[in-house]
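Trainee:
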Ligand code: HBI
Ligand code: FE
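In the numbering used here, the protein residues as written are 1 to 293.
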């Protein structure tokens with residue numbers, strides 16, 4: 001029997017109280033996995049999935065990193081909420097990753113352990129139609145449409161496993177916050193510089209109709225060249241568009257920067273003041289918004 005502190009940590013990770021988490025955690029296995037229950041999705045669920053999918057797919061040509069768009073095309077996931085077992089077989093052949101159905105946010109320890117073993121946790125429930133534009137907890141559309149396409153990309157797939165391995169070290173070093181910021185800014189809300197200019201690759205923006213456009217078009221947020229220490233020191237918010245986005249030159253840059261032992265960097269970052277995402281810093285490399293005619 002797992003001790004409950006892990007569960008309360010899971011709900012803390014989601015920023016919500018235990019009583020209001022949407023998923024059904026009663027049937028979870030010790031690793032927090034559940035059966036996806038694909039046969040229980042209604043025709044209305046599949047119709048909402050297609051509406052969400054088509055709305056985002058229409059933006060990809062102008063806003064998404066090409067590796068994301070290519071990865072999504074390989075998943076053949078437009079017509080219905082995907083069966084994770086079928087997608088897992090496809091992903092396994094591509095990069096050795098498999099999907100695991102979960103009821104929602106799970107404790108960091110289990111989450112990192114899944115990533116370290118190339119298992120990506122995907123929430124099994126879909127939002128309601130009224131939540132088409134905003135929902136608080138990640139649902140299957142955010143987790144699948146946002147995160148799974150780049151798991152077909154070899155370098156990003158390697159990065160995600162390495163991130164999971166760093167997780168166990170971070171927990172041991174009491175450095176969860178810096179690592180959570182790295183995930184937030186570089187997995188959920190990352191931009192990448194391409195020959196066509198800045199493009200979005202983060203799951204949090206590419207699964208959001210509003211933020212996909214905002215992150216590239218709006219003059220409001222700062223767009224700062226990736227720097228690992230800078231990212232690990234910068235606070236983020238979970239209930240509004242980001243005030244700062246970080247820009248990669250390549251996925252290799254992210255993988256190389258986070259390979260190896262980060263213990264010393266964790267200690268250095270935690271001894272320094274947290275940075276406000278509303279402000280830029282003197283040695284930031286800044287990018288202008290992508291003006292669209
Ligand atoms: N659980 N299912 C799920 N999905 C996440 O993205 C997730 C999580 N638990 C913790 C978590 N993310 C963050 O704290 C990461 O930074 C570890
Ligand atoms: Fe996510």
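Built from N, CA and C at the ideal position, the CB exists for glycine as well.
CB of residue 39 to nearest heavy atom of the ligand HBI: below 6 Å?
Mentor: Checking the Cβ of residue 39 against the ligand HBI gives no.
Trainee: Tell me, please, which residues DSSP counts as bridged to residue 224.
Mentor: Residue 224 is bridged to 246 and 286.
Trainee: Taking the alpha-carbon of residue 29 as reference, which of 102, 151 and 108 has the nearest alpha-carbon?
Mentor: With distances taken between Cα atoms, residue 29 lies closest to 102.
Trainee: Look up residue 199 in the DSSP assignment and give the residues it is bridged to.
Mentor: Paired residues: 192.
Trainee: What first and last residue would you give for the beta strand (DSSP E) that runs through residue 101?
Mentor: Taken as a continuous stretch (DSSP letters only), the beta strand (DSSP E) holding residue 101 covers 98-102.
Trainee: Note the first and the last residue of the continuous beta strand (DSSP E) segment covering residue 371.
Mentor: The structure shown does not extend to residue 371, since the chain is modelled only from 1 to 293, so the question has no answer here.
Trainee: Does residue 130 come out as helix, strand or coil in the three-state DSSP assignment?
Mentor: Three-state DSSP puts residue 130 in a helix.
Trainee: Can we say the stretch 260-272 touches the stretch 211-227, given the rule of at least three CB pairs closer than 8 Å?
Mentor: They do not touch, by the three-pair rule.
Trainee: Just mark residue 3 as buried or exposed, buried being the case when its beta carbon has 16 or more other beta carbons within 10 Å.
Mentor: Residue placement at residue 3 cannot be trusted, given a pLDDT of 44 that sits under 50; what the coordinates show is reported in the next sentence. Residue 3 is exposed by the Cβ-count criterion.
Trainee: Which value, in whole angstroms, describes the spacing of the CA atoms of residue 206 and residue 145?
Mentor: Spanning the two alpha carbons is a distance of roughly 8 Å.
Trainee: May I ask whether a heavy atom of the ligand HBI can be found less than 6 Å away from the beta carbon of residue 149?
Mentor: Residue 149: no, Cβ never under 6 Å from the ligand HBI.
Trainee: At a cut-off of 6 Å, would you count residue 103 as near the ligand HBI, judging by its Cβ distance to the nearest heavy atom?
Mentor: The answer is no for residue 103.
Trainee: In terms of residues, what are the limits of the alpha helix (DSSP H) holding residue 67?
Mentor: Start and end: 66-75.
Trainee: If we require 4 or more residues per run, which alpha helix (DSSP H) segments fall completely within the stretch 126-176?
Mentor: Within the stretch 126-176, the complete alpha helix (DSSP H) runs of at least 4 residues are 154-172.
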